[in-house]
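Asker: In the order they appear, the protein sequences are chains E and D. Counted the way numbering that gives the first Met the number 0 counts, the first sequence spans residues 0 to 154. Counted the way numbering that gives the first Met the number 0 counts, the second sequence spans residues 0 to 154. C-beta: ideal position from N, C-alpha, C; glycine also.
Protein chains: 2
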Amino acid sequence: MHLDTIDATILTHLQKEGRLTNAELAERVGLSPSACHRRVRALEESGVIQSYVALLDADVLGYGLTVVVSVTLENQRRETMERFENAVSDVGAIMDCFLMTGADDYLLRLRVKDAHDYERVHREQLSNLPGVTRLVSNIAMRKVFVRTELPVQGR
Amino acid sequence: MHLDTIDATILTHLQKEGRLTNAELAERVGLSPSACHRRVRALEESGVIQSYVALLDADVLGYGLTVVVSVTLENQRRETMERFENAVSDVGAIMDCFLMTGADDYLLRLRVKDAHDYERVHREQLSNLPGVTRLVSNIAMRKVFVRTELPVQGR
DNA sequence: GTTGAAACGCCTTATAC
DNA sequence: GTATAAGGCGTTTCAAC
Numbered sequence: 000m001h002l003d004t005i006d007a008t009i010l011t012h013l014q015k016e017g018r019l020t021n022a023e024l025a026e027r028v029g030l031s032p033s034a035c036h037r038r039v040r041a042l043e044e045s046g047v048i049q050s051y052v053a054l055l056d057a058d059v060l061g062y063g064l065t066v067v068v069s070v071t072l073e074n075q076r077r078e079t080m081e082r083f084e085n086a087v088s089d090v091g092a093i094m095d096c097f098l099m100t101g102a103d104d105y106l107l108r109l110r111v112k113d114a115h116d117y118e119r120v121h122r123e124q125l126s127n128l129p130g131v132t133r134l135v136s137n138i139a140m141r142k143v144f145v146r147t148e149l150p151v152q153g154r
Numbered sequence: 000m001h002l003d004t005i006d007a008t009i010l011t012h013l014q015k016e017g018r019l020t021n022a023e024l025a026e027r028v029g030l031s032p033s034a035c036h037r038r039v040r041a042l043e044e045s046g047v048i049q050s051y052v053a054l055l056d057a058d059v060l061g062y063g064l065t066v067v068v069s070v071t072l073e074n075q076r077r078e079t080m081e082r083f084e085n086a087v088s089d090v091g092a093i094m095d096c097f098l099m100t101g102a103d104d105y106l107l108r109l110r111v112k113d114a115h116d117y118e119r120v121h122r123e124q125l126s127n128l129p130g131v132t133r134l135v136s137n138i139a140m141r142k143v144f145v146r147t148e149l150p151v152q153g154r
């Protein structure tokens with residue numbers, strides 16, 4: 000993937016303001032609207048720009064609690080892992096899931112309303128996940144920050 | 000925060016397609032364009048909709064490796080924590096940072112290019128963070144999934 | 001307080017240079 | 001990369017429920 004400085008500037012702006020008009024974006028990066036539009040479309044088609052989304056405030060919506068869960072499976076057979084991975088994506092509270100190196104098999108990050116809500120999710124959904132031997136929950140006391148932008152550098 | 004079913008539907012759509020035109024959105028939720036527009040603006044002003052952003056593909060950009068780092072501070076004095084938190088937000092590779100309950104003090108999630116890049120970030124940035132006694136790095140072998148949408152329910 | 005309709009101005013998009 | 005033209009959209013204001 001070859002990005003020049005102008006591409007990087009475009010991405011930096013769109014990562015902060017995804018609804019920038021092409022005219023405004025063109026002015027900020029010092030390009031004509033049509034030239035800017037062509038670059039943006041190329042970035043979209045190459046997959047660098049995956050999608051445009053609205054970010055909601057989890058705290059305002061009442062999903063103020065983050066829980067990180069370490070998962071140990073009963074074994075590391077491919078079938079066990081596949082069954083687990085298929086089931087895990089159906090739990091809406093899980094924001095992300097990684098297959099880890101080290102002591103634990105998977106690491107989940109969940110968004111829930113409060114401790115009581117987490118107890119419910121744990122009981123109704125997590126404890127039913129197939130192939131799981133052990134779940135270790137770590138509750139976040141406070142979100143220091145969460146970033147969605149990636150650092151982009153062009154040349 | 001009172002959301003009815005239509006608000007929830009609007010949010011669900013905008014979380015997937017943040018650049019939907021108001022006309023298109025209105026049609027999908029079964030409202031007139033002006034009514035829909037008013038609701039969206041209210042959701043923006045109440046802070047439920049935080050921002051609109053472009054999501055970039057970390058893998059395409061070469062940031063394919065996720066590392067989760069557990070941090071232990073030398074003590075839990077407020078001053079120590081504040082100095083750490085201020086410094087941690089300057090490290091661009093850190094995607095999020097939580098103050099945790101349990102054995103570890105902070106949990107960081109990083110995006111880097113590869114193991115070599117992580118070694119550099121660790122040496123140049125993480126090991127210089129103030130007040131840190133211990134850093135335990137856990138490398139993700141594979142991203143199973145990452146979600147940005149929150150579950151929204153109206154009534 | 002909420003909805004539907006119309007007019008204006010601006011943006012997006014495509015074509016040509 | 002720039003310039004131009006056509007179609008579409010958001011915005012605003014109005015009246016009606």
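What residue range does the alpha helix (DSSP H) around D/Ser-33 cover?
Answerer: Unbroken alpha helix (DSSP H) run through D/Ser-33: 32 to 44.
Asker: Go through the region 92 to 154 of chain D residue by residue and report every complete run of the alpha helix (DSSP H) that reaches 4 residues or more, in order.
Answerer: Whole alpha helix (DSSP H) segments, 4+ residues: 114 to 123.
Asker: Taking D/Asp-227 as the query, report the chain E residues whose CB atoms sit under 7 Å from its CB, ordered along the chain.
Answerer: As displayed, chain D neither begins before 0 nor continues past 154, which places residue 227 of chain D out of reach and without an answer.
Asker: Can you tell which of D/Arg-133, D/Leu-125, D/Val-90 has its C-alpha closest to the C-alpha of E/Val-145?
Answerer: For the residues D/Arg-133, D/Leu-125, D/Val-90, the minimum Cα distance to E/Val-145 belongs to D/Val-90.
Asker: Give the DSSP-derived three-state secondary structure of D/Ala-22 in the structure shown.
Answerer: Residue state, collapsed to three classes: helix.
Asker: If you run the structure through DSSP and keep just helix, strand and coil, what is E/Val-70?
Answerer: Strand.
Asker: Against E/Asn-137, what residues of chain D qualify as contacts under a CB-to-CB distance less than 8 Å, listed in chain order?
Answerer: Going along chain D in sequence order, the residues near E/Asn-137 (Cβ under 8 Å) are Met-99, Thr-100, Gly-101, Asp-103, Leu-106.
Asker: Would you report the Cα separation of E/Ser-31 and E/Ala-41, rounded to the nearest angstrom?
Answerer: So the two alpha carbons sit approximately 16 Å from each other.
Asker: At 7 Å on the CB atoms, spell out the chain E contacts of D/Ile-48, in chain order.
Answerer: Those are Ala-53, Leu-55, listed as they occur along chain E.
Asker: Can you tell me where the beta strand (DSSP E) holding E/Cys-49 begins and where it ends?
Answerer: It is Gln, not Cys, that sits at residue 49 of chain E in the sequence shown. Looking at the DSSP string, the run of the beta strand (DSSP E) that includes E/Gln-49 is 48 to 55.
Asker: I'd like to know if D/Arg-133 contacts chain E, where contact means its C-beta is closer than 7 Å to some C-beta of that chain.
Answerer: D/Arg-133 does not count as touching chain E.
Asker: With distances taken Cα to Cα, identify the nearest neighbour of D/Asn-74 among D/Thr-8, D/Tyr-105, D/Arg-38.
Answerer: It is D/Tyr-105 whose Cα lies nearest to the Cα of D/Asn-74.
Asker: Between E/Leu-24 and E/His-12, is the Cβ-Cβ spacing less than 7 Å?
Answerer: The answer is yes: Cβ separation under 7 Å.
Asker: When you compare the CB positions of E/Val-47 and D/Leu-55, do they come within less than 7 Å of one another, or not?
Answerer: Yes, Cβ-Cβ distance for E/Val-47 and D/Leu-55 is below 7 Å.
Asker: Using a Cβ cut-off of 8 Å, which residues of the region 8 to 30 of chain D contact any Cβ in chain E, in chain order?
Answerer: Listed in sequence order: Leu-10, Leu-13, Gln-14, Lys-15, Glu-16, Gly-17, Arg-18.
Asker: Is the beta carbon of D/Met-140 closer than 7 Å to that of E/Thr-100?
Answerer: Yes, they are a contact pair.
Asker: Report the neighbours of E/Ser-88 on chain D: residues whose CB is nearer than 8 Å to its CB, in chain order.
Answerer: Per Cβ cutoff of 8 Å: Val-143, Phe-144.
Asker: Leaving out five residues before and five after D/Arg-133 in sequence, what residues of the same chain have Cβ atoms less than 6 Å from its Cβ?
Answerer: Closer than 6 Å at Cβ, skipping near neighbours: Thr-71.
Asker: Cβ closer than 7 Å: which chain E residues qualify as neighbours of D/Val-67?
Answerer: Chain E residues near D/Val-67: Leu-106.
Asker: Can you grab the Cα-Cα spacing for the pair E/Gly-63 / E/Ser-33, in whole Å?
Answerer: Taking the straight line from one Cα to the other gives about 43 Å.
Asker: Comparing the C-beta of D/Pro-129 with each C-beta of chain E, is any distance below 7 Å?
Answerer: Answer no: the Cβ-Cβ gap between D/Pro-129 and chain E never drops below 7 Å.
Asker: Run the CB neighbour count on E/Gln-152, radius 10 Å, all protein chains shown included, and call it buried at 16 or more, exposed below.
Answerer: Under this definition E/Gln-152 is an exposed residue.
Asker: Using a Cβ cut-off of 7 Å (strictly closer), state whether E/Met-80 contacts chain D.
Answerer: Taking Cβ atoms only, chain D never reaches closer than 7 Å to E/Met-80, which makes this a no.
Asker: Cα separation between D/Lys-112 and D/Arg-37?
Answerer: Computed Cα separation, rounded: 43 Å.
Asker: Would E/Gly-63 pass as an interface residue toward chain D - the criterion being a Cβ-Cβ separation below 7 Å?
Answerer: No - not a single Cβ of chain D is within 7 Å of the one on E/Gly-63.
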